[in-house]
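See below for the structure under consideration.
Protein chains: 2
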Amino acid sequence: MRAVDLIRKKRDGGEMTAEEIGFLISGATADEIPEYQISAWLMAVLLRGMTRAELAALTAAMLDSGERLDFSALLAPKVDKHSTGGVGDKTSLVLAPLAAAAGLYVPMISGRGLGHTGGTLDKLEAIPGFKTQLSLQDFHRVLEACGCAMIGQTAEIAPADKKLYALRDVTGTVESPYLICASIMSKKLAEGLDALVLDVKTGSGAFMKREEDAAFLAELMVETGRLMGKRVVALLTDMDQPLGRNVGNALEVEECIAVMRGEGAEDLKDLCVELAAWMLRLGGLGGGGANALENCRKLAGEIIASGRALDKFREMVRLQGGDEHVVDDPQRLPQARYRAEVLSPAAGRIAALACEQIGLASCVLGGGREKKDDAIDAAVGLVLHKKVGDSVEAGEPLCTIHYNSKARLEAARALLEKSYRIENASAAAVAGRELIQRVIGAEEGKGS
Amino acid sequence: MRAVDLIRKKRDGGEMTAEEIGFLISGATADEIPEYQISAWLMAVLLRGMTRAELAALTAAMLDSGERLDFSALLAPKVDKHSTGGVGDKTSLVLAPLAAAAGLYVPMISGRGLGHTGGTLDKLEAIPGFKTQLSLQDFHRVLEACGCAMIGQTAEIAPADKKLYALRDVTGTVESPYLICASIMSKKLAEGLDALVLDVKTGSGAFMKREEDAAFLAELMVETGRLMGKRVVALLTDMDQPLGRNVGNALEVEECIAVMRGEGAEDLKDLCVELAAWMLRLGGLGGGGANALENCRKLAGEIIASGRALDKFREMVRLQGGDEHVVDDPQRLPQARYRAEVLSPAAGRIAALACEQIGLASCVLGGGREKKDDAIDAAVGLVLHKKVGDSVEAGEPLCTIHYNSKARLEAARALLEKSYRIENASAAAVAGRELIQRVIGAEEGKGS
Chain Y
2 MRAVDLIRKK RDGGEMTAEE IGFLISGATA DEIPEYQISA WLMAVLLRGM TRAELAALTA
62 AMLDSGERLD FSALLAPKVD KHSTGGVGDK TSLVLAPLAA AAGLYVPMIS GRGLGHTGGT
122 LDKLEAIPGF KTQLSLQDFH RVLEACGCAM IGQTAEIAPA DKKLYALRDV TGTVESPYLI
182 CASIMSKKLA EGLDALVLDV KTGSGAFMKR EEDAAFLAEL MVETGRLMGK RVVALLTDMD
242 QPLGRNVGNA LEVEECIAVM RGEGAEDLKD LCVELAAWML RLGGLGGGGA NALENCRKLA
302 GEIIASGRAL DKFREMVRLQ GGDEHVVDDP QRLPQARYRA EVLSPAAGRI AALACEQIGL
362 ASCVLGGGRE KKDDAIDAAV GLVLHKKVGD SVEAGEPLCT IHYNSKARLE AARALLEKSY
422 RIENASAAAV AGRELIQRVI GAEEGKGS
Chain D
2 MRAVDLIRKK RDGGEMTAEE IGFLISGATA DEIPEYQISA WLMAVLLRGM TRAELAALTA
62 AMLDSGERLD FSALLAPKVD KHSTGGVGDK TSLVLAPLAA AAGLYVPMIS GRGLGHTGGT
122 LDKLEAIPGF KTQLSLQDFH RVLEACGCAM IGQTAEIAPA DKKLYALRDV TGTVESPYLI
182 CASIMSKKLA EGLDALVLDV KTGSGAFMKR EEDAAFLAEL MVETGRLMGK RVVALLTDMD
242 QPLGRNVGNA LEVEECIAVM RGEGAEDLKD LCVELAAWML RLGGLGGGGA NALENCRKLA
302 GEIIASGRAL DKFREMVRLQ GGDEHVVDDP QRLPQARYRA EVLSPAAGRI AALACEQIGL
362 ASCVLGGGRE KKDDAIDAAV GLVLHKKVGD SVEAGEPLCT IHYNSKARLE AARALLEKSY
422 RIENASAAAV AGRELIQRVI GAEEGKGS
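For the record, the sequence lines run as chains Y and D. Under my numbering, the first residue of the first sequence is numbered 2, with each subsequent residue one higher. Under my numbering, the first residue of the second sequence is numbered 2, with each subsequent residue one higher.
Next comes the structure, spelled out in structure tokens:
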């Protein structure tokens, strides 16, 4: 088998066999096939697409390039949630302890933020002492002890993805839904899951801006997961404005703690309950009937209301070396030295928020990364006082900027001032988009 | 400017500026842009195509990556011919001396054979002592002295093409007509030409099997050459069967000598006269009127008939270190030790020849290369006694194999026995294809 012939096959729109795809992926991982051949193949995949069988083979080959975690000794179902990322997208910190409190196991391996989007690991690391780089043994130990554990990518999991992602990043081949699907699913399936809930974001702050692109990716991931024997459902959710009110690492931890206390922004609470309900449902809870999902929603609400989610979060923070007192005293989280407000230039109603720009403002403050190895400042960020549909008076604060550097403040302010579109319109005319736009795979997802 | 953004632009079907293309090509040549980015871009070009302006910019950037020869001190027009290659395609050895004998300059830089196709350099090197690796100074000296000189690719000419071609070869991006056009035209335009005649082959033994692909490439090359201020015409010619009767390096030199003596196969003679006529016409000969091309055909015929083409060939061979006596005594060319005949299994008429397979038979005998660095045996090859349309008796020789190794003979014989399709049909029913199928750019080509 020669790599050049496989590149040609994909270039001409042919269907590759699982063996051929395995040859390319194992060759790439072992550095036996040169990068210039892999990148030509990646571009051919981006422009030609893949069949479902090819995609399943690619996902399996990437999964098989590394270790698969084995939690089969843990008898309750293993579930996880993955989000395609956005601004203020912080549900993982609520969902992992919530599902663990319901008796499921959540072995969550997460990523870091890049550009305008945040990353779960960066948020967790805002908690003083919290370690995200556990060994796989320690990961297992925390998971067994408290039902959830949250760590970063390890060298053992899907090394092919690391190799391919590094190439995709510099060859304009990040955007292929097939390559995105294989990247996400190979890593998630390595977690030894029984079920996976996908939160696929769409809108101006999402990676997939257009709903049809997000829906297509969601369908690919649901199908691929099921072909590999997992229960998978995808929720298409809105990222046309930031989720919740806080953007920035420590600020987002604080908002998650509020949600687990039964407080916090409505949209964030609603999405947490909905995603949690699906995790519980796919984990076999809620009973078998037509009301199963509704039962799971209620169960999720009760777990929050009873304080069990927060207790579980506290336990996980402690087990992963973090300062558990932040849970009861969020002021222990890193605090920015200064605050400044962005005031509304006019009276009216918020018609739209430039979501990606708001994420970039947080990045500019030091809360995110422009390049992969940039250091980040956990304390800085934004608190949004007005979101789409809210009415505002001239001179009223639109948001508060938490900052540590004057120069960065001005750059962020310039972005934020251009991020609010204020119109003289009725509430109905500027209603925000539905938070949960569609559930993909709901019917089959109910079964186990 | 970042390479990844340029890759994305081409991936999405955008039109790149000359500056952007120049950035990529100079970065690739200087090894400043990594090969994995260049190969992703090449695949995007193959699948997305290029506009005429992009193609002209690519050709110019590749040309500018190296030296342009300057023969402006030589006052007669500089003309050349380039063929896309085929089996028995040997016209260069006739055309260069013929056009030089007409008073034009022919600074011809040629390539080697690969796979089933032969290469001009390999043929010239069948002449004992003939040097094809002249320095550019010696090239200039021979050209000035006798009006034609034939050498191999040098490191100074279009180094970007060497870099890109090596990558294309292993990334499935050889076949793009845009990349082929830029590769050919950048090298040919570096010769400091005034005019270029292109012989674009089509048929089973050609690189472009389908006439529409060959015609498209021909149009691209004619347009690109003209955008760069050159007089260019392309002839679409048949490669559904070998050209002439001899295939193999020394055997092809012998056949060219025969043509220059006024002998040799009709199709080869006809094509030489036609291509020469266009070279002379684009070189400004034949007068300005409606009969100019016909006048040039007559002039080409006269130059052969008078022996001036052969004299010029003899002179060039001597100046390039070769044994000029081969011209009068072709037996001095390398001779294979053995000969064997392939006999017709039936009576009938030759309905088709598997042209590529016949080229491969010569390659298998040792006359060609499977890989770039294979050594070749100048003596071996085939002499075809029957071509398409010829009638044949059972047991009559179809071709003679000149060989040096029994094992290779058998492999070649197996290929050749399957290469003749013999039918019981009338001459009209199995008439071969027109030798010259189309002239592209003829109207504009007439002007100067």
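Each residue gets a CB set at the ideal place from its N, CA and C atoms; glycine is no exception.
query                                                                                                                      : result
Simplified DSSP assignment, three categories, for Lys202/Y                                                                 : strand
Straight-line Cα distance separating Asp81/D from Gln332/D                                                                 : 29 Å
Check whether Leu135/Y and Ile181/Y have beta carbons under 8 Å apart                                                      : no
Status (buried if at least 16 other CB within 10 Å, exposed otherwise) for Gly448/D                                        : Below a pLDDT of 50, predicted positions are generally treated as unreliable, and Gly448/D, at 42, falls in that range; the measurement from the model is reported next regardless. Result: exposed.
Delimiting residues of the beta strand (DSSP E) encompassing Tyr421/D                                                      : 421-424
Burial state of Asp32/D, where buried means 16 or more other Cβ atoms lie within 10 Å                                      : exposed
Heavy atom of the ligand COA within 7 Å of Ala216/D beta-carbon                                                            : For the ligand COA, the structure offers nothing, since it holds no ligand at all.
Bridge-paired residues (DSSP) for His386/Y                                                                                 : Paired residue(s): none; His386/Y is not in a bridge.
Among Thr85/Y, Leu228/Y, Leu137/Y, Thr155/Y, the one whose alpha carbon lies nearest that of Gly204/Y                      : Thr85/Y
Positions along the stretch 157-179 of chain Y whose CB lies within less than 8 Å of some CB in chain C                    : In the structure shown, chain C does not exist; the protein chains are Y and D.
The beta strand (DSSP E) enclosing His141/D, as first and last residue numbers                                             : Where His141/D is concerned, there is no enclosing beta strand (DSSP E), although the alpha helix (DSSP H) it sits in stretches over 137-147.
Buried versus exposed, by CB contacts within 10 Å (16 or more), Gln138/D                                                   : exposed
Proximity below 8 Å, CB of Leu105/Y to CB of Ala74/Y                                                                       : no
Inter-stretch contact at 8 Å, needing at least 3 Cβ pairs: the stretch 419-429 of chain Y / the stretch 369-386 of chain Y : no
Close-in-space but distant-in-sequence residues of the same chain around Arg434/D (CB under 6 Å, 5 per side omitted)       : Asp239, Asp241
Contacting residues, own chain, Cβ-Cβ under 7 Å from Tyr421/D (five flanking each side not counted)                        : Ile351, Leu354, Leu399
Cutoff 7 Å; reference Lys10/D; Cβ partners in own chain excluding five residues on either side                             : Met17
Proximity test, Cβ basis, 8 Å: Leu48/Y and chain D                                                                         : yes
Of the residues Lys210/D, Gln336/D, Gln154/D, Val171/D, the one placed nearest Leu42/Y, counting alpha carbons only        : A small correction: the amino acid at residue 42/Y is Trp; Leu does not occupy that position in the sequence shown. Closest by alpha carbon: Val171/D.
CB contact check: Phe314/Y to chain D, cutoff 8 Å                                                                          : no
Length of the line joining the Cα atoms of Ala310/D and Leu237/D                                                           : 25 Å
Selection from Leu410/D, Ala432/D, Gly148/D, Ala408/D that minimises the alpha carbon distance to Val107/D                 : Gly148/D
Between the CA atoms of Ser93/Y and Glu255/Y - distance to the nearest angstrom                                            : 13 Å
Backbone secondary structure at Ala429/D - three-state DSSP                                                                : coil
Within-8 Å CB hit, Leu294/D to chain Y                                                                                     : no
First through last residue of the beta strand (DSSP E) which encompasses Thr401/Y                                          : 398-404
Test: Met2/Y CB closer than 8 Å to a CB of chain D                                                                         : no
Per-residue DSSP class, three states only, for Thr118/Y                                                                    : strand
Proximal chain Y residues relative to Glu36/D, where beta-carbon distance stays under 9 Å                                  : Pro35, Glu36, Tyr37, Ser40
Minimum Cβ-Cβ distance from Leu43/Y to chain D less than 8 Å                                                               : yes
Neighbourhood of Ile304/D by C-beta, 7 Å cutoff - its chain only, sequence neighbours within 5 removed                     : Leu99, Ala102, Ala103, Ala310
Exposure label - Met222/D; buried when at least 16 CB within 10 Å                                                          : buried
Local Cβ density within 10 Å of Ser177/Y, reported as buried at 16 or more and exposed below that                          : buried
Where Ile351/D sits in the DSSP three-state scheme                                                                         : strand
Interface residues of chain Y facing Arg319/D [CB-CB closer than 8 Å]                                                      : What Arg319/D touches in chain Y: nothing, since even the nearest Cβ is about 43 Å away.
Cross-chain neighbours of Ile8/D in chain Y, by beta carbon under 7 Å                                                      : Thr172, Gly173
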